[in-house]
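Protein chains in written order, with our numbering: chain A, 14 to 272; chain B, 14 to 272.
Data first, discussion second: the structure below is written as structure tokens.
There are 2 protein chains.
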Amino acid sequence: MKKQQSRPNILVVNDDGITAPGIKNLIEVVQEIGNVVVVAPDGPQSGMGHAITIGKPLRFDRVDLYPGVEMYKCSGTPVDCVKLAVNKIFKGKKPDLCVSGVNHGLNNSINVIYSGTMSAAVEGAIEGIPSIGFSLDDFSQEADFGHCKKFIKAISLQVLEHGLPPATLLNVNFPKGDNLKGIKICRQANAKWAEEFDERKDPYERPYYWLTGVFQNNDKGEDTDVWALENDFVSVVPVQFDLTAHHAIPVLNTWTFDV
Amino acid sequence: MKKQQSRPNILVVNDDGITAPGIKNLIEVVQEIGNVVVVAPDGPQSGMGHAITIGKPLRFDRVDLYPGVEMYKCSGTPVDCVKLAVNKIFKGKKPDLCVSGVNHGLNNSINVIYSGTMSAAVEGAIEGIPSIGFSLDDFSQEADFGHCKKFIKAISLQVLEHGLPPATLLNVNFPKGDNLKGIKICRQANAKWAEEFDERKDPYERPYYWLTGVFQNNDKGEDTDVWALENDFVSVVPVQFDLTAHHAIPVLNTWTFDV
Numbered sequence: 014m015k016k017q018q019s020r021p022n023i024l025v026v027n028d029d030g031i032t033a034p035g036i037k038n039l040i041e042v043v044q045e046i047g048n049v050v051v052v053a054p055d056g057p058q059s060g061m062g063h064a065i066t067i068g069k070p071l072r073f074d075r076v077d078l079y080p081g082v083e084m085y086k087c088s089g090t091p092v093d094c095v096k097l098a099v100n101k102i103f104k105g106k107k108p109d110l111c112v113s114g115v116n117h118g119l120n121n122s123i124n125v126i127y128s129g130t131m132s133a134a135v136e137g138a139i140e141g142i143p144s145i146g147f148s149l150d151d152f153s154q155e156a157d158f159g160h161c162k163k164f165i166k167a168i169s170l171q172v173l174e175h176g177l178p179p180a181t182l183l184n185v186n187f188p189k190g191d192n193l194k195g196i197k198i199c200r201q202a203n204a205k206w207a208e209e210f211d212e213r214k215d216p217y218e219r220p221y222y223w224l225t226g227v228f229q230n231n232d233k234g235e236d237t238d239v240w241a242l243e244n245d246f247v248s249v250v251p252v253q254f255d256l257t258a259h260h261a262i263p264v265l266n267t268w269t270f271d272v
Numbered sequence: 014m015k016k017q018q019s020r021p022n023i024l025v026v027n028d029d030g031i032t033a034p035g036i037k038n039l040i041e042v043v044q045e046i047g048n049v050v051v052v053a054p055d056g057p058q059s060g061m062g063h064a065i066t067i068g069k070p071l072r073f074d075r076v077d078l079y080p081g082v083e084m085y086k087c088s089g090t091p092v093d094c095v096k097l098a099v100n101k102i103f104k105g106k107k108p109d110l111c112v113s114g115v116n117h118g119l120n121n122s123i124n125v126i127y128s129g130t131m132s133a134a135v136e137g138a139i140e141g142i143p144s145i146g147f148s149l150d151d152f153s154q155e156a157d158f159g160h161c162k163k164f165i166k167a168i169s170l171q172v173l174e175h176g177l178p179p180a181t182l183l184n185v186n187f188p189k190g191d192n193l194k195g196i197k198i199c200r201q202a203n204a205k206w207a208e209e210f211d212e213r214k215d216p217y218e219r220p221y222y223w224l225t226g227v228f229q230n231n232d233k234g235e236d237t238d239v240w241a242l243e244n245d246f247v248s249v250v251p252v253q254f255d256l257t258a259h260h261a262i263p264v265l266n267t268w269t270f271d272v
């Protein structure tokens, strides 16, 4: 007889806010495999990257949106949510898994660095929790997450079974639609945003600027997340938070500083 | 006779805000070597990480704080400042160097990921500009940056002379005091914050939470930035923004996903 395993404890976070459809879908999946605690921002926090709130205090309150789910909303950033969850809810007894998302919009390639969804997962990993960020190529509030669910479950179960290599987490992105070919392990494509600012005038004739931009991928590699998504694969990129460019250390050691 | 070189164009940014003493000191140094343009937040933006402003517009105005220096203040994040500078000031003709700081407080080890100062430099590097973030181990508004200046100049000149390896930037941290032993090229120490939240009651008896924490370094390596700073060296860490954990890709390729 197979030994009865205790159900894992799973922390769910996001950056689109606690009422977003994406987090509702994520909760529905991980409820099937573990005990769920949700800590999410009380409003949208897209593009907040790894911001933390240090200049002002945070609000942090229990809410009951979905039957039987322990949920908290927080006035801070996605990373604040993870810190509060670890410190105030789990109180040092770390959850077995941290899942973030499902984000409304892709976080592939360089977007990983601007994304609150991914930064929450990075913070989970810094805390030593196996962590995964999930994102879907659809900004709409009516986005259909149905085709993502079996992949979210399968990837989460593999992470719970194997753990992750030290100091790494996963960045998982889903194409739209239900013709997915499978999962592809990838590297982050070397792409960037060519930003533009939409200049407008306020009612007092003073200028203001709204950030817009165009995603520019110059990386033709077929081992990238951009390629995988364009070819109807779910992309899975292992992510690290040691930002050291180790290969550059020998180069810098040849320099002579005139001090 | 040595050929007369044209003076480099240098973008100066920070996260402590345009009136901070740290940026004033940085401006004074780089004015000696190039044509300076300053774009900085109109107030403190510490801990903003790689946040960008997408849900609301930005203000962006010329200011004149220091004689002969072209300066702009921005209502957004440090990364917004770099994007505005590239798009609205340099208009696609990239500056030769982007320097960020000098931050009031260290950005060594894992702090690189929370730091607005470093994220501004990372954004400069994403834009293809040779970029350096500078930080001093002193939070005080009366901090003495005098001992940093010759190092800032020497490091900036080396970057202008050699350029930097592709897709890398430098994270430079200074100890306090003027007994510095020199410059050490390092890797990011494997450390983290053990966060705590100071719980208080507002005047209406509702709880609020203030993030605090203790820096925990479990990395005993003598090749780390933490070690260098503790031993009176200026630490220089090459930083990358490809977050792919390349070593983990073969591991993940052994997994079987049940979909």
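Glycine is no exception: its CB is placed at the ideal position from the N, C-alpha and C atoms.
Classify residue i as helix, strand or coil using the three-state DSSP reduction.
| i | result |
| --- | --- |
| A/Q229 | strand |
| B/S132 | helix |
| A/E155 | coil |
| A/Y127 | helix |
| A/V82 | coil |
| A/V264 | helix |
| A/K69 | coil |
| A/G30 | coil |
| A/K107 | coil |
| B/N100 | helix |
| A/A138 | helix |
Please list the terminal residues of the continuous beta strand (DSSP E) segment that includes residue i.
| i | result |
| --- | --- |
| B/H117 | L110 to H117 |
| A/N184 | T181 to F187 |
| B/D74 | F73 to V76 |
Rank the options by C-alpha distance to the C-alpha of residue i and give the top, closest one.
| i | options | result |
| --- | --- | --- |
| A/T225 | A/N48, A/E208 and A/L182 | A/E208 |
| B/L39 | B/E83, B/K197 and B/N116 | B/N116 |
| A/E83 | A/A53, A/P70 and A/G60 | A/A53 |
| B/N184 | A/I142, A/G129 and A/L265 | A/L265 |
| B/N124 | A/A167, A/I65, A/H175 and A/A98 | A/I65 |
| A/P179 | B/S59, B/A258, B/T269 and B/I165 | B/A258 |
| A/D74 | A/K86, A/G68, A/G81 and A/T267 | A/K86 |
| B/P263 | A/H260, A/L177 and A/L119 | A/L177 |
| A/T267 | B/T269, B/K197, B/N231 and B/F210 | B/K197 |
| A/E41 | A/V252, A/E218, A/G159 and A/D232 | A/G159 |
| B/S351 | B/E155, B/T130 and B/D77 | Past the boundaries of the shown model lies residue 351 of chain B; chain B is included only from 14 to 272, so the question cannot be answered. |
| B/L256 | A/L78, A/S128 and A/S19 | A/S128 |
| B/K162 | B/D191, B/A261, B/T181 and B/L173 | B/D191 |
| A/G114 | A/Y79, A/P34, A/I67 and A/T181 | A/P34 |
| A/V252 | A/G234, A/H63 and A/G146 | A/G146 |
| B/P21 | B/E218, B/V172, B/N231 and B/L182 | B/V172 |
How would you write the range of the alpha helix (DSSP H) that residue i sits in, first residue to last?
| i | result |
| --- | --- |
| A/I168 | K162 to H175 |
| A/L24 | Looking at the DSSP string, A/L24 is not in any alpha helix (DSSP H); the run it does join, the beta strand (DSSP E), is N22 to V26. |
| A/I145 | Counting along the chain, A/I145 falls outside any alpha helix (DSSP H), though it belongs to the beta strand (DSSP E) covering S144 to L149. |
| B/V42 | P34 to V43 |
| B/P57 | From DSSP, B/P57 is part of no alpha helix (DSSP H); its letter is neither H nor E. |
| B/L97 | P91 to L97 |
CB-CB under 7 Å to residue i, same chain, minus the five flanking residues each way: which ones, in chain order?
| i | result |
| --- | --- |
| A/V43 | I23, V25, V49, V112 and S169 |
| B/D238 | N121, S122, N186, C199, Q201, A202, S248 and V250 |
| A/E45 | K166 |
| B/S59 | D28, D29 and G129 |
Can you find the residues in the same chain that come closer than 6 Å, C-beta to C-beta, to residue i, ignoring five residues on each side of it along the sequence?
| i | result |
| --- | --- |
| A/P188 | D150, L242 and D245 |
| A/D271 | none |
| B/G30 | P54, G56 and P57 |
| A/N100 | none |
| A/W223 | D211 |
| B/W240 | none |
| B/G118 | F152 |
Give every residue of the same chain whose Cβ lies closer than 8 Å to the Cβ of residue i, excluding the five residues on either side of it in the sequence, and list them in chain order.
| i | result |
| --- | --- |
| A/Q229 | A204, K205, W206 and A207 |
| B/V95 | L24, V26, V52, C111, A133, E136, G137 and E140 |
| B/K107 | V99, E140, G141 and I142 |
| A/L278 | Within the shown structure, residues of chain A are numbered from 14 to 272, placing residue 278 of chain A beyond reach of any answer. |
| B/G62 | I126, Y127, S128, G129 and S132 |
| B/D77 | M84 |
| B/Y79 | K37 and I40 |
| B/K194 | N244, D245 and F246 |
Per the DSSP calculation, residue i is bridged to which residue(s)?
| i | result |
| --- | --- |
| B/T237 | B/R200 |
| B/R213 | B/Y221 |
| A/T257 | B/V252 |
| B/V51 | B/V25 and B/M84 |
| B/L242 | B/L242 is not bridged to any residue. |
| B/K205 | B/Q229 |
| A/G195 | A/F246 |
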